[in-house]
Structure formats: C-alpha cells, structure tokens
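Each number in the working numbering comes from the position in the sequence shown (counting from 1) with 231 added on.
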Amino acid sequence: MSVKLTNVLKDQEASAGVDPAIRDYEDLFNTAKQNGSEVRQQGYEEFNNLYYDLVTDFYEYGWGTSFHFAPGVPGERMETSQQRHQHLLAHRIGLGPGMTVADLGCGIAGPLLEIARFSGAKIVGVNSN
Numbered sequence: 232m233s234v235k236l237t238n239v240l241k242d243q244e245a246s247a248g249v250d251p252a253i254r255d256y257e258d259l260f261n262t263a264k265q266n267g268s269e270v271r272q273q274g275y276e277e278f279n280n281l282y283y284d285l286v287t288d289f290y291e292y293g294w295g296t297s298f299h300f301a302p303g304v305p306g307e308r309m310e311t312s313q314q315r316h317q318h319l320l321a322h323r324i325g326l327g328p329g330m331t332v333a334d335l336g337c338g339i340a341g342p343l344l345e346i347a348r349f350s351g352a353k354i355v356g357v358n359s360n
C-alpha cells in the first residue's frame with residue numbers, strides 16, 4: 232500500500248515545525264531572489280542550515296540513516312547492500328582500531344557510524360550545517 236509522506240507527517244507530533252520551517256525557507260529564498268547576490272551571500276549560512284535541516288528529515292524518513300545507494304543482489308534488502316558497501320569501503324582503505332579519519336559532509340553520519348563500528352577506527356564527522 233502506498234502512503235503519501237505528507238499525510239504521515241501531518242499526523243506526527245514531530246512534524247509541528249515543518250510548515251513554519253518551509254515558510255521561513257521560502258521567505259529567505261524569495262528575499263534573496265528579489266534582492267540579488269549581496270543578500271544571498273549575507274544570508275547564506277542561515278539559508279544553508281534551514282535547507283539541510285528540512286531535507287534531511289525527509290531523506291531520513293524515506294531512506295533511513297544512509298543517504299546512498301549500493302549495488303545489491305537479488306532479494307537483498309537496501310540496508311544490507313548499503314552496510315556491505317560501507318564495510319567494503321572501510322576494508323579497501325585499510326581502516327582499523329587506533330586510526331582516525333575525517334568524513335567531510337557526513338550529514339547525519341549513518342555510514343560514518345557503521346564504518347566506525349565495523350572497523351574500530353575513530354571517525355570525525357564534519358557537515359555544513
């Protein structure tokens with residue numbers, strides 16, 4: 232059965248801030264569009280943070296904690312193929328206990344956490360918002 236995300240979110244207590252956040256984003260976008268590049272540059276950090284805060288919730292709802300796809304085999308769950316791919320990445324770069332690596336643009340850090348768990352390495356996540 233297909234479920235429309237917007238209908239589900241309407242029923243969730245946590246979705247209470249979605250409408251105001253979308254209005255804030257649209258206001259920022261329209262103000263920047265009307266007033267040119269100087270206004271866009273001044274409000275970039277706020278605009279960036281608001282955008283990623285909004286879309287991240289939708290991505291996480293739809294895809295879980297890993298916002299990537301990985302090759303799968305017939306009958307394999309998406310989560311399983313993602314985890315296998317994350318393990319392969321850790322193995323290929325030789326991550327292991329006592330090592331530290333940075334994940335630049337980690338988002339909500341789903342793959343980062345799985346790779347750290349699998350490899351025993353310490354991973355520092357950096358994200359734009």
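All C-beta atoms, glycine included, are put in the ideal place defined by N, C-alpha and C.
Quick one: what's got a C-beta closer than 7 Å to residue i's C-beta in the same chain, skipping five residues either side?
i	result
Gly338	Thr287, Phe298, Asn358
Thr296	Ile339, Gly341
May I ask which residues mark the beginning and end of the beta strand (DSSP E) holding residue i?
i	result
Ile354	353-357
Leu320	First-last for Leu320: 309-323, but that is the alpha helix (DSSP H), not the beta strand (DSSP E).
Among the residues of its own chain, which have a CB less than 6 Å from the CB of residue i, if the five just before and after it don't count?
i	result
Leu343	Asp334, Cys337, Ile354, Gly356
Glu269	none
Pro328	Gly351
Ala172	This structure gives no information on residue 172, because the portion of the chain shown stretches from 232 to 360.
Gly293	none
What are the boundary residues of the alpha helix (DSSP H) that includes residue i?
i	result
Ala333	Note, Ala333: premise wrong, no alpha helix (DSSP H); beta strand (DSSP E) at 331-335.
Ala181	Because the chain is modelled from 232 through 360, residue 181 falls outside the range shown and cannot be assessed.
For residue i, which of the options has the nearest alpha-carbon?
i	options	result
Glu291	Glu310, His316, His322	Glu310
Tyr282	Gly325, Ala321, Ala347, Asp255	Asp255
Glu276	Phe260, Pro302, Phe289, Arg308	Phe260
Three or more C-beta pairs closer than 8 Å, one from the segment 327-338 and one from the segment 346-360: is that the case here? yes
If we require 4 or more residues per run, which alpha helix (DSSP H) segments fall completely within the segment 256-303? With a minimum length of 4 residues, the continuous alpha helix (DSSP H) runs that stay inside the segment 256-303 are 268-273, 275-294.
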